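Engineer:
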Amino acid sequence: GRVVIATHNAGKLREMRELLAPFGVEAVSASELNLAEPEETGTMFSENAAIKARAATDATGLPAFADDSGLCVDALDGAPGLFSARWSGGSKNFSAAMARIERELATRGATNRRAHFVSALVLTWPDGHEELFEGRVFGELVWPPRGDRGFGYDPMFKPDESPLTFGELGSEEKHGIDWEAGRALSHRARAFLALAATCLRRPA
Ligand code: ITT
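All residue numbers for the sequence shown refer to my numbering, where the first residue is 2 and numbers rise by one.
#1: Specify the secondary structure class of D179 as computed by DSSP and reduced to three states.
#2: Name the DSSP bridge partner or partners of S120?
#3: Is DSSP giving F158 helix, strand or coil here?
#4: Under the criterion of a Cβ to heavy atom distance below 7 Å, does L72 qualify as lining the ligand ITT?
#5: Would you mind working out which of W144, F84, S85 and K13 sits nearest L106, comparing C-alpha positions?
#6: So what's E173 in DSSP terms, helix, strand or just coil?
#7: Mind listing, in chain order, the continuous beta strand (DSSP E) runs of no fewer than 3 residues lying wholly within the segment 15 to 86?
#8: Can you check whether the CB of A76 is closer than 8 Å to the CB of S89?
#9: Out of S163, D161, G168 and A28, which has the shortest C-alpha to C-alpha gap to D155?
#10: Is it buried or exposed for K53, if we count other Cβ within 10 angstroms and need 16 for buried?
#11: Using DSSP with H/G/I as helix, E/B as strand and the rest coil, what is R203?
#12: Is H176 near the ligand ITT, with its Cβ less than 7 Å from a heavy atom?
#13: Roughly how many angstroms separate the alpha carbons of V5 and R109, rounded to a whole number?
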């Protein structure tokens, strides 16, 4: 059947489509359906993902996936975290958001450049049932940013598993999915791997 991908973020939508593709589900996005964006009032990634997915299911009567994600910087006490999209301002300027991270690290005289991405993936069903899957990836912040292949904060984040930033990796490498080994690289691919393990048939 059809599912809604409840996002208005083009980079995220592309990745979620790629991650769903092997399962042969027909996916339509919240932007294609002109669905309103609900207010993200939660205090945790999982709450905001549930708000977005449930709003899409309520509006369409279809199952819906939503991802709420962010970059958490250790030396900034986890910021921008839940506010990762909001740090880019209304114009979604991630060069400015990355520069702000670098500036705040400098202001604090921080030498610790550890950070991680989080993805909370919620699947809601018309019968009220919902499921939550999470993925995380740990790494280092680089400066200046490198690569233009990803979106958001990708050019500034280098996962521990690779010498390249997410901005330098192609999306196959960023997902880094190995079905046989049950491994993935990105936070989002790790969340989808957890989902695949429980409620979807593994791709052939
Ligand atoms: P939707 O709510 O419509 O899905 P959004 O951009 O507002 O879109 P979030 O509230 O989850 O999504 O914000 C997460 C932000 O964190 C997002 O805008 C990106 O800038 C950043 N982010 C999340 N995953 C990322 C990734 O894989 N690579 C780079 N940046 C990422």
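The C-beta atom is built at its ideal place from N, Cα and C for all residues, glycine as well.
Bear in mind the structure is a predicted one, so any value in this text is a computation, not a measurement.
Structural biologist: With the structure as the only source:
#1: Taking the sequence shown and counting its residues from 1, one reaches residue 179 at position 178. Three-state result, D179: strand.
#2: On the sequence shown, position 119 is the one that residue 120 refers to. Under DSSP, S120 takes part in a beta bridge, and its partners are S70 and G136.
#3: If you number the sequence shown from 1, residue 158 lands on position 157. DSSP places F158 in strand when its eight states are reduced to three.
#4: Numbered from its first residue, the sequence shown carries residue 72 at position 71. The closest heavy atom of the ligand ITT lies less than 7 Å from the beta carbon of L72.
#5: Against the sequence shown, residue 106 aligns to sequence position 105. Of all alpha-carbon atoms in W144, F84, S85 and K13, the one lying nearest the alpha-carbon of L106 is that of W144.
#6: The count along the sequence shown starts at 1 and reaches residue 173 at position 172. In the structure shown, E173 sits in a helix (DSSP, three-state: H, G or I).
#7: Runs found: 27 to 30 and 65 to 74.
#8: Stepping through the sequence shown from its first residue, residue 89 is reached at position 88. Stepping through the sequence shown from its first residue, residue 76 is reached at position 75. No, the Cβ-Cβ distance between S89 and A76 is not below 8 Å.
#9: Stepping through the sequence shown from its first residue, residue 155 is reached at position 154. With respect to the C-alpha of D155, the residue from S163, D161, G168 and A28 having the closest C-alpha is G168.
#10: Working through the sequence shown from its first residue, we reach residue 53 at position 52. Buried: at least 16 other Cβ atoms inside 10 Å.
#11: As a working note, residue 203 is residue 202 in the sequence shown. With a pLDDT of 48 at R203, under the threshold of 50, the modelled position of that residue is not reliable, and the figure given next carries that caveat. R203 falls in the coil class under three-state DSSP.
#12: As a first step, residue 176 is located in the sequence shown; it is residue number 175 there, counting from the start. If you check the C-beta of H176 against the ligand ITT, you find no heavy atom less than 7 Å away.
#13: In the sequence shown, the residue the question calls residue 5 occupies position 4. In the sequence shown, the residue the question calls residue 109 occupies position 108. Looking at the two C-alpha atoms, the distance is approximately 42 Å.
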